[in-house]
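For reference, the structure discussed in these notes is given below.
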Amino acid sequence: MARLDTKQFEGRRVTVVGLARSGVSAAHLLREAGALVTVADRKERTELLGVLGAVEESAINVVLGNSYETALATAELVVVSPGVPYRMEALERVRRRGVKVISELDLASRFIPVPILALTGTNGKSTTVTMIGKMLKASGKQVFVGGNLGTAFSEAAIQSLRAIKEGGSCPYDAAVVEVSSFQLETVEQFHPWIAAILNVTVDHQDRYESIAEYIAAKSRIFENQTSSDIALLNIDDPRVGALRHGVKAQPFGFTRRPSLPSDLAGGTYLEHGL
Numbered sequence: 000m001a002r003l004d005t006k007q008f009e010g011r012r013v014t015v016v017g018l019a020r021s022g023v024s025a026a027h028l029l030r031e032a033g034a035l036v037t038v039a040d041r042k043e044r045t046e047l048l049g050v051l052g053a054v055e056e057s058a059i060n061v062v063l064g065n066s067y068e069t070a071l072a073t074a075e076l077v078v079v080s081p082g083v084p085y086r087m088e089a090l091e092r093v094r095r096r097g098v099k100v101i102s103e104l105d106l107a108s109r110f111i112p113v114p115i116l117a118l119t120g121t122n123g124k125s126t127t128v129t130m131i132g133k134m135l136k137a138s139g140k141q142v143f144v145g146g147n148l149g150t151a152f153s154e155a156a157i158q159s160l161r162a163i164k165e166g167g168s169c170p171y172d173a174a175v176v177e178v179s180s181f182q183l184e185t186v187e188q189f190h191p192w193i194a195a196i197l198n199v200t201v202d203h204q205d206r207y208e209s210i211a212e213y214i215a216a217k218s219r220i221f222e223n224q225t226s227s228d229i230a231l232l233n234i235d236d237p238r239v240g241a242l243r244h245g246v247k248a249q250p251f252g253f254t255r256r257p258s259l260p261s262d263l264a265g266g267t268y269l270e271h272g273l
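Numbered according to numbering that gives the first Met the number 0, the sequence shown spans residues 0 to 273.
If you want it as structure tokens, here you go:
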């Protein structure tokens, strides 16, 4: 189990942009970690009544509406919710000041000292993550299952941080997380032991100018892996399969065909569905 620095954000001024589910969880995690937290959102109070209570009860500073950019002026770190556009001009100005902008996914992973299994893809993410989680739980493992699916990853990080601060250990043996291209755009340290891309088809055309840009965002799931990790790719999808040539992890493929590329020899395949 990796050693966890429980004080890595203590006393730092951190702004969370976006009061969606993951943004609220990120704010609570940072508060637990001792950061000086501000949450900013372009929406007005009347549009956020469903989530504001939980944040303000924790004495977290909230800046809304046209004033939201003021919360970025003194930030030493910015954490963005998935729905916040990566290229938003306000965030570009933050980066030009030398301030890092990371995702809630990346933030949460820094408090998870157990193996992370991460999956992305255009289709089938939720089903696959749920299935893997059930298999691991059936084997007797304590597993967090969530991320882009269901419970925000920061909720697992909060449980982990609290347990370790109290002298215990992370309550999970592993974490299985569904991750989106939006979350992967701003990863810096996110390091899954096993990372998988299930497939890629044209999607999110309002966010990405080309399929190549979309694939590039997805492929960041492998960014921080090493030769001790595993990269799992769908060989039946040519654009996904080709990514194996650029990963630092050990590449593994899955396919419905009986033949595998020579660099993936030794794999297993299903014949007649058996």
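For each residue, glycine too, the CB sits at the ideal point set by N, CA and C.
- Residue environment: residue 224 is assigned as buried (16 or more neighbouring CB atoms within 10 Å of its CB, all protein chains considered).
- Residue nearest to residue 78 within the set 64, 109, 57 is 109 (criterion: CA-CA distance).
- The stretch 135 to 144 and the stretch 163 to 183 touch, with three or more beta-carbon pairs separated by less than 8 Å.
- When DSSP reads this structure, residue 249 sits in a beta bridge with 229.
- The beta carbon of residue 17 is closer than 7 Å to those of 40, 79, 80, 82, 83 in its chain, skipping five residues each way along the sequence.
- Residue burial is scored here from C-beta neighbours: residue 242 has at least 16 other C-beta atoms within 10 angstroms and is therefore classed as buried.
- Residue 103 sits buried, since 16 or more C-beta atoms from the chains shown fall within 10 Å of its C-beta.
- For residue 90, the secondary structure class from DSSP, reduced to helix, strand or coil, is helix.
- Assigned with DSSP and collapsed to three states, residue 59 falls in coil, not helix or strand.
- Residue ranges of uninterrupted beta strand (DSSP E) with 3 or more members, entirely inside the stretch 125 to 188 and ordered along the chain, are 142 to 146, 173 to 177.
- Ranked by Cα distance from residue 218, the first of 232, 135, 96, 54 is 232.
- In this structure, the straight-line span from the alpha carbon of residue 156 to that of residue 257 is close to 41 Å.
- For residue 12, the enclosing beta strand (DSSP E) begins and ends at 12 to 16.
- When C-alpha distances from residue 34 are compared across 135, 9, 14, the shortest belongs to 9.
- Following the DSSP letters along the chain, one finds residue 259 in no alpha helix (DSSP H), marked with neither H nor E.
- Counting only residues of its own chain and dropping the five nearest sequence neighbours on each side, residue 24 has a CB closer than 6 Å to the CB of 151, 153, 154.
- When rounded, the separation of the alpha-carbon atoms in residue 214 and residue 54 is 35 Å.
- In the three-state scheme derived from DSSP, where H, G and I count as helix and E and B as strand, residue 105 is classed as helix.
- Note that the stretch 93 to 102 does not touch the stretch 110 to 124; fewer than 3 beta-carbon pairs, one per stretch, sit closer than 8 Å.
- Just measuring C-alpha positions, the residue of 67, 76, 236 sitting nearest residue 97 is 76.
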